[in-house]
Amino acid sequence: MLYKHWKSKEYVTYFLLTLVFLSSWTDINGMFSELPQIILTQPEGWKLGAFIGLVTNIGNIAPLVLVIIKCTFQKRSINFIPLNYVIILIGMLSCLLLVFFWQKTSYVFRQNRSISLLILAFCLSLLDCTSMVTFSDYMTRFRAEFTSALFLGESLTTILPSLLAIAQGNGRLECISVADNRTSSNTSIVAVYQNARFSVAVYFLCIFFLLVFSFVAFVLLQWTKVAQNSLQCFSKTSVVFPMNEVTTIDTVNDGNHIRKIDMYTLTSPLYFLLSIGCVYTSSALFGVLLSISAFVLMPYGHEIFYLGTILSPWMLSLVWILGTIKPIVGKRYLLLMILLGTVTFSFDLVISFKSPCPPYANTTKGSVLVLLIWLSTYILFGYPRLVIANYVRKHSPNGLFWFGVHVQLGALIGSVVAYLFVETFSLFQERLPCEPIQC
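Sequential numbering from 0 applies to the sequence shown in numbering that gives the first Met the number 0.
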């Protein structure tokens, strides 16, 4: 259920907005979902994931340029719509090139490397990092109740590639006992990956078509009248009170009648705290958790790792449902959820540091418990992000632009910290599939 007073065109607009947001991170998330198949032929092996993650972080230079432009031309209204066309079109082109060149390697620094794949990943990361900012800004053109479409699209950017990977048979393996050639009495258990139902090239071609749908949706929103009644046509009055408190009252023209939106009051210190909360939750969700998933879930078995990585995007869809039912909660409840999320996030970190022998490893109780903690973190951090977006949208006309910037800043910080922990300092030890470990 969304809004009972909506007409059919408003539902169509919401659907089209969701499709538009698919072009943000679907390609990079699809690359990570396809990694178990890609590493079978590429020279870097599983280290390729760390290289792609590093290249993706470098892509944050693009939103940095946008921030500089925004700060330089503060008194001017910058139209990012032409940039959105460029983002989606170049994303489509890069995915199409992946179909033909993902497997190509080049001899660099005395060994073969997946240069073509990494270059295309860098191009996609530049676009995806930028799109989070420009698409968030694009949402200010629409009424406040359409903001949740941003988060539905965000969840689908992970769900759809993972469903595609499941249909492909990606990551299916069997644990097989292999006799030691030196001694006939000793055997070892190895993981053997099963053949996929279709190739990596076909997978990237499917991602390309998802971006085509996204582009068509954006064109329909811009060049047809389907979204006419969903646009935010408002007159805005800002009254400055003592203690830098800004109250914004919006009078919205729905096309049929004029109505007033509830008044939101944020002090400057509170707005700063909400921004910090957005950076913190984004760093955990899109930086740290993505990097440590194998160290948290794999010690409890490949099945738990598979369930955890497949179900976690669905938790973001659950966040979207909560956001349509209750888009705003009191600030004390917002703080309480972030604190509870910090508790579950801390458990995830402790488990990853104790990998491959965390508490209750190799037990059903431990497997169920870690899965519940893992999924709870996504809900307890994901829902506050949606609420913060609704708050800052009302605080400032540029609120969603800076929300997108804070999301990318958080993802960058979390990814860099995780990369240092995993690659530089080697603080985590991974448990390989089918690896027998006595804890």
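All residues carry an ideal CB built from backbone N, CA and C; glycine is no exception. No experiment lies behind these values; they were computed from the predicted model shown.
Q) Which of helix, strand or coil does DSSP assign to T146? A) For the purposes of this step, residue 146 is taken as the residue at position 147 of the sequence shown. DSSP places T146 in coil when its eight states are reduced to three.
Q: Would you kindly work out how many angstroms separate the C-alpha atoms of L18 and T133, rounded to a whole number?
A: Here residue 18 is taken as the residue at index 19 of the sequence shown, counted from 1. Here residue 133 is taken as the residue at index 134 of the sequence shown, counted from 1. Going by the C-alpha atoms only, they are around 15 Å apart.
Q) In whole angstroms, what is the alpha-carbon distance linking K46 and T280? A) Start at 1 with the first residue of the sequence shown, and residue 46 comes out as number 47. Start at 1 with the first residue of the sequence shown, and residue 280 comes out as number 281. K46 and T280: Cα-Cα distance of roughly 26 Å.
(Q) According to DSSP, simplified to helix, strand and coil, what is T376? (A) As a first step, residue 376 must be located in the sequence shown, where it is residue number 377. Helix, per DSSP.
Q) What number of angstroms, rounded off, separates the C-alpha of T146 from the C-alpha of P268? A) Within the sequence shown, the letter at position 147 stands for residue 146. Within the sequence shown, the letter at position 269 stands for residue 268. One C-alpha to the other measures close to 24 Å.
Q.
Quick check: the segment 6-25 against the segment 102-114, are at least 3 beta-carbon pairs closer than 8 Å?
A. No: fewer than three Cβ pairs fall under 8 Å.
**Q.** Close-in-space but distant-in-sequence residues of the same chain around S161 (CB under 7 Å, 5 per side omitted)
**A.** Translated into the one-based positions of the sequence shown, residue 161 becomes position 162. Setting aside the 5 residues that flank it on each side, S161 is surrounded in the same chain by S32, I309 and P312, each with a C-beta closer than 7 Å to its C-beta; the list follows chain order.
Q: For Y377, count neighbouring C-beta atoms within 10 Å of its own C-beta (all shown protein chains included) and say buried if the count is 16 or more, exposed if not.
A: The residue given as residue 377 occupies position 378 in the sequence shown. Looking at its Cβ environment, which holds 16 or more other Cβ atoms inside 10 Å, Y377 is buried.
**Q.** Buried versus exposed, by CB contacts within 10 Å (16 or more), Q73
**A.** The residue labelled residue 73 in the question sits at position 74 within the sequence shown. So Q73 counts as exposed.
Q | T423 versus V11, M131, L53 and G398, residue with shortest Cα-Cα distance | A | Locating residue 423 in the sequence shown gives position 424, where the first residue counts as 1. Nearest of V11, M131, L53 and G398 to T423, Cα basis: L53.
Q) So is W222 buried or exposed if we call it buried at 16+ other beta carbons inside 10 Å? A) Residue numbering aside, residue 222 sits at position 223 when the sequence shown is read from its first letter. Exposed: under 16 other Cβ atoms inside 10 Å.
Q | CA nearest to the CA of L151, picked from L385, N169, L408 and V211 | A | Here residue 151 is taken as the residue at index 152 of the sequence shown, counted from 1. Taking each of L385, N169, L408 and V211 in turn and checking the Cα distance to L151, the smallest one comes out for L385.
Q. Per the contact definition of three or more C-beta pairs closer than 8 Å, is the segment 82-97 in contact with the segment 358-367?
A. The segment 358-367 vs the segment 82-97: no contact.
Q: Return yes when the Cβ of F285 is within less than 8 Å of the Cβ of G413, no when it is not.
A: In the sequence shown, the residue the question calls residue 413 occupies position 414. In the sequence shown, the residue the question calls residue 285 occupies position 286. Going by C-beta atoms, G413 is nearer than 8 Å to F285.
Q: Please determine, among E429, P435, A410 and L431, the residue with the shortest C-alpha to C-alpha distance to I57.
A: Here residue 57 is taken as the residue at index 58 of the sequence shown, counted from 1. That would be A410, whose Cα lies nearest to the Cα of I57.
(Q) Considering just the uninterrupted stretch of the alpha helix (DSSP H) at C128, what are its terminal residues? (A) For the purposes of this step, residue 128 is taken as residue 129 along the sequence shown, with counting starting at 1. I114 to Y137 is the extent of the alpha helix (DSSP H) around C128.
Q) Does DSSP put C356 in a helix, a strand or coil? A) Here residue 356 is taken as the residue at index 357 of the sequence shown, counted from 1. The DSSP-derived three-state label of C356 is coil.
(Q) Whole angstroms are fine: how far does the CA of K393 sit from the CA of V36? (A) Indexing the sequence shown from 1 puts residue 36 at position 37. Indexing the sequence shown from 1 puts residue 393 at position 394. Reading off the sequence, residue 36 comes out as Gln, not Val. Distance between the alpha carbons of Q36 and K393: 45 Å.
Q: Let me know if E302 comes out buried or exposed under the rule of 16 or more other beta-carbons within 10 Å of its beta-carbon.
A: What you label residue 302 is simply residue 303 of the sequence shown in a count that begins at 1. Under this definition E302 is an exposed residue.
Q. Which partner residues of S229 appear in the DSSP bridge assignment?
A. Position 230 of the sequence shown, counting from 1, holds the residue named residue 229. Paired residue(s): none; S229 is not in a bridge.
Q. Cα separation between Q110 and L39?
A. Walking along the sequence shown from the start, residue 110 turns up at place 111. Walking along the sequence shown from the start, residue 39 turns up at place 40. Computed Cα separation, rounded: 17 Å.
(Q) Given this structure, state the Cα-to-Cα distance separating Y10 from I436, to the nearest angstrom. (A) For the purposes of this step, residue 10 is identified with residue 11 of the sequence shown, where counting begins at 1. For the purposes of this step, residue 436 is identified with residue 437 of the sequence shown, where counting begins at 1. So the two alpha carbons sit approximately 52 Å from each other.
Q. Excluding sequence positions up to five away, which residues of its chain have a Cβ less than 6 Å from the Cβ of P298?
A. The residue given as residue 298 occupies position 299 in the sequence shown. Counting only Cβ-Cβ distances below 6 Å, and skipping sequence neighbours, we find S354, P355, P357, A360 and R430.
Q: Only counting runs of 3 or more residues, tell me where the beta strand (DSSP E) segments fall wholly within the segment 260-300, in order along the chain.
A: Every beta strand (DSSP E) of 3 residues or more that sits fully in the segment 260-300 is shown, in chain order, as 263-266.
Q.
DSSP has Y106 in a bridge; who is on the other side?
A. The residue given as residue 106 occupies position 107 in the sequence shown. For Y106, which the question treats as bridged, DSSP gives the partners N111.
Q: Please report how far the alpha carbon of Y332 lies from the alpha carbon of L273, in whole angstroms.
A: The residue given as residue 332 occupies position 333 in the sequence shown. The residue given as residue 273 occupies position 274 in the sequence shown. Looking at the two C-alpha atoms, the distance is approximately 13 Å.
Q | Contact the segment 401-408 vs the segment 114-133: 3+ CB pairs below 8 Å | A | Output reads yes: the segment 114-133 touches the segment 401-408.
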